[in-house]
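Novice:
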Amino acid sequence: MPILKDTEDNESSALPIYRIPPEVTLEIFTRCLPEALFPRLSVRSAPLQLSHVCTTWRNLALRTPRLWCRILLGTRYLEVPEDGSDYMPGAALDAMALKCWVERAGSHLMSADIRYPNYSRLTNPYLEAIHLIPPVFRVIVRNRMRWKGLKISMPGEHLLRACFVTQRNAPYLETLEVDDTFIPTVGPVKSKIRIYLPDYFAETLSTLSVPGGVVYRSFQSTSFPKLRNLFLKHSCIEECLYLLKHCPVLVYPSTSTAWTT
């Protein structure tokens, strides 16, 4: 009945949750986001959790770009079929989620924490690097002007391919943190990756973390003009010293050269 419906609508609008000013609600939303970690792709974690409270909160969350600027992806254990067929459903879901986050973030720059510690795929010399790594990197390539920070955790050669693709498709990147999950947490390091840093990629970085060798060659006197935080593990002394010469504003250097072959 119309009269009954009007009464229900009035009662709903009188609930305390609907009387909170939007600016206060947005402050609540912001404080619900994790500070140190990146938001997970889960309805138990903000910002997705906030959009499942009520219609009003959902609409407000979807209209607030800064809630969608960071995301954690790829924490599930993933395997690729031995026949080399295309990517597993979990990785495809990650790509869809990242695309959705990018759209909801509007014009804001994005940061992503991408973790595939057990990722494996058969090497195919006839495929480009972008087709040998998880599909989230295709989203990165399609939105190359949007990236502020990337954390990438993958094993060995897959991490190298991911860095290769990232360096050529993130011209505004300020933070790059890579983790080679092939390196054991304890004991000697029998092998290590070597990250190649081109000139154009070094100009915008403020934070760089690499668990291996860094190969950088430049004819410029100042090549890392904004780099303030540098974390190197398992790098040789010569590489560390050469890199440090090109970091005039470095505030927090951390290096470790304890590795064996």
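According to my numbering, the sequence shown is numbered sequentially starting from 649. All C-beta atoms in this analysis are idealised placements derived from N, C-alpha and C, irrespective of residue type, glycine included. Only a predicted model underlies this, so the values are computations on that prediction, with no experimental measurement involved.
#1: Any idea if Ile676 is buried or exposed, counting beta-carbon neighbours within 10 angstroms, 16 or more meaning buried?
#2: Do the stretch 738 to 754 and the stretch 798 to 816 make contact, defined as three or more Cβ pairs closer than 8 Å?
#3: Provide the residue span of the alpha helix (DSSP H) that contains Thr673, from first to last.
#4: What do you get for Met793, buried or exposed, if any count of 16 or more other CB atoms within 10 angstroms of its CB means buried?
#5: Using a Cβ-Cβ cut-off of 7 Å (strictly less than) and excluding sequence neighbours within five positions of Tyr767, which residues of its own chain qualify?
#6: Skipping 5 residues on each side, what residues in its chain have a beta carbon closer than 7 Å to that of Pro832?
#7: Is DSSP giving Leu898 helix, strand or coil here?
#8: For Trp716, list the residues DSSP reports as bridge partners.
#9: Leu891 lies in the alpha helix (DSSP H); which residues open and close that run?
#10: Could you tell me which residues DSSP pairs with Leu878 in its beta bridges?
#11: Return helix, strand or coil for Ala760, following the three-state DSSP convention.
#12: How about Thr823 and Thr855: are their beta carbons less than 8 Å apart?
#13: Going by beta carbon distance, what residues of the same chain come within less than 6 Å of Ser857, once the five residues before and after it are set aside?
#14: What would DSSP say about Tyr848, mapped onto helix, strand or coil?
#15: How many angstroms separate the CA atom of Val672 from the CA atom of Phe830?
#16: For Glu887, is the classification buried or exposed, using 16 other Cβ atoms within 10 angstroms of its Cβ as the cut-off for buried?
#17: In chain order, what residues of the same chain have a beta carbon less than 8 Å from the beta carbon of Asp734, not counting five sequence neighbours either side?
#18: Lys747: which of Tyr890, Leu689, Val787 sits nearest, CA to CA?
#19: I'd like the list of long-range same chain contacts for Asp731, defined as Cβ closer than 8 Å, with 5 residues on each side in sequence excluded.
#20: In whole angstroms, what separates the C-alpha of Ala850 from that of Arg752?
Specialist: So, to answer that:
#1: exposed
#2: no
#3: 670 to 680
#4: Exposed: under 16 other Cβ atoms inside 10 Å.
#5: Leu726, Pro782, Met802, Pro803, His806
#6: none
#7: coil
#8: None; Trp716 has no bridge partner.
#9: 885 to 892
#10: Leu856, Pro901
#11: strand
#12: yes
#13: Closer than 6 Å at Cβ, skipping near neighbours: Glu825, Phe879.
#14: helix
#15: 46 Å
#16: buried
#17: Since pLDDT at Asp734 reaches only 49, below the 50 mark, its modelled position is unreliable, and no value is offered.
#18: Val787
#19: Unreliable placement is indicated for Asp731, whose pLDDT of 49 sits below 50; no coordinate value is reported for it.
#20: 29 Å
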